[in-house]
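Asker: Sequence positions in the sequence shown follow mature numbering (1 follows the signal peptide of the UniProt record, and there is no 0) and run -18 to -1, 1 to 217.
Note that CB positions come from ideal geometry on N, CA and C, so glycine has one too.
In this text, all values refer to a predicted model and were calculated from it rather than measured experimentally.
Structure in structure tokens, see below.
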Amino acid sequence: MIKKIVLIALIISVSACAELQQVVNQLPTSGGALTNAQIGNGLKEALNNGITKQVSKLAVKDGFFKNELTKILLPEELQKVDNTLRKIGLSKVADEGLKVLNRAAEDAVSEAFPIFVDAIKGMSFNDAKNILLGDKNAATNYLKGATSQALTQKFTPIIQNSFQKVGADKIWANLITKYNTLPLTKDVNPDLTQYVTGEALKGVYTMVEVEEKEIREKVSSRTSTLLKQVFALQD
């Protein structure tokens, strides 16, 4: 998928590069060489069908919570809280505590899109070439390196606010208070904002990688003739 992203940056940013033109000239076509404009348009389509298709799935209610690839589970130190509360008949409260963690991540994901766009604009020709001819998750790994810091900074306050909005701060304060008052238990006080921010980032990159794999491995996922021509180069 993000190979698509890569090539957008390639065409827009370094179309005059002789090495890039050699790559363009190798693209299989039925009616002559593809123009830079055709390649750019095709890859913009691919970008829309990539990040929008997969990452947007996370930005809706239950986008994390009902997606087994990205569902946020409890951190290790809270798993014992969850297990203990269920044993004493507080399963409903424990379920709600898990759900609100995922709700906070769902609130934050929409902020990823402009950051991805900025990462694409800053992509160098070598970055693009390495992604185009690289490993099956090369694009995802590039985005991790280019966006993880910015996404962390963007996600953290949103998740903090979301905790307040959905009552997660109160729910978990209540859960942890109940647990910490039980006999023979060791008090816990994890940083849930930091934890959920990290898990939200993992979820975003997981879905990016899903689409990248689809585009790289399945011709049927290349949704236009132009995309088939562009990505035939890596085949």
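If I measure Cβ to Cβ from ILE140 and keep anything under 7 Å in the same chain, skipping five residues before and after, which residues do I get?
Answerer: In the sequence shown, counting from the first residue as 1, residue 140 sits at position 158. Counting only Cβ-Cβ distances below 7 Å, and skipping sequence neighbours, we find ASP89, ALA90 and GLU93.
Asker: Considering Cα atoms alone, identify which of ALA182, ARG85 and GLN146 is closest to SER130.
Answerer: Counted from its first residue, the sequence shown places residue 130 at position 148. Ranking the options by Cα distance to SER130, first place goes to ALA182.
Asker: Assign LYS36 to one of two classes, buried (16 or more other C-beta atoms within 10 Å of its C-beta) or exposed (fewer than that).
Answerer: Here the question's residue 36 lines up with position 54 in the sequence shown. Looking at the sequence shown, residue 36 is not Lys but Gln. That one is buried.
Asker: Restricting to Cα atoms, I'd like to know which of VAL190, SER206 and ILE158 is closest to LEU72.
Answerer: Here the question's residue 72 lines up with position 90 in the sequence shown. Closest option to LEU72, Cα to Cα, is ILE158.
Asker: Between ARG198 and the rest of its own chain, which residues show a CB-CB distance below 6 Å, the 5 nearest in sequence each way excluded?
Answerer: Reading the sequence shown from its first residue, position 216 is the one you call residue 198. The residues are LYS118.
Asker: Secondary structure at ILE33, three-state DSSP: helix, strand or coil?
Answerer: By one-based count along the sequence shown, residue 33 stands at place 51. Helix.
Asker: Just tell me which of VAL63, ASP64, SER144 and THR66 has its CA closest to the CA of THR179.
Answerer: Within the sequence shown, the letter at position 197 stands for residue 179. Nearest option by C-alpha distance: SER144.
Asker: Flag this pair as yes or no: are the beta carbons of LEU174 and LEU55 separated by less than 8 Å?
Answerer: On the sequence shown, residue 174 is found 192 positions in, with the first residue counted as 1. On the sequence shown, residue 55 is found 73 positions in, with the first residue counted as 1. Cβ atoms of LEU174 and LEU55: not closer than 8 Å.
Asker: How long is the line joining the alpha carbons of ASP44 and GLU78, rounded to whole angstroms?
Answerer: Locating residue 44 in the sequence shown gives position 62, where the first residue counts as 1. Locating residue 78 in the sequence shown gives position 96, where the first residue counts as 1. Each residue's alpha carbon lies about 13 Å from the other.
Asker: Could you please give the first and the last residue of the uninterrupted alpha helix (DSSP H) stretch that includes THR179?
Answerer: To locate residue 179, count along the sequence shown from 1; it is residue 197. Element bounds for THR179: 174 to 199.
Asker: Within 10 angstroms of its Cβ, does LYS(-16) collect 16 or more other Cβ (buried), or is it exposed?
Answerer: Mapped onto the sequence shown, residue -16 falls at position 3. Only weak support exists for where LYS(-16) lies, its pLDDT of 43 falling under 50; the value from the coordinates is given anyway. With 16 or more Cβ atoms within 10 Å of its Cβ, LYS(-16) is classed as buried.
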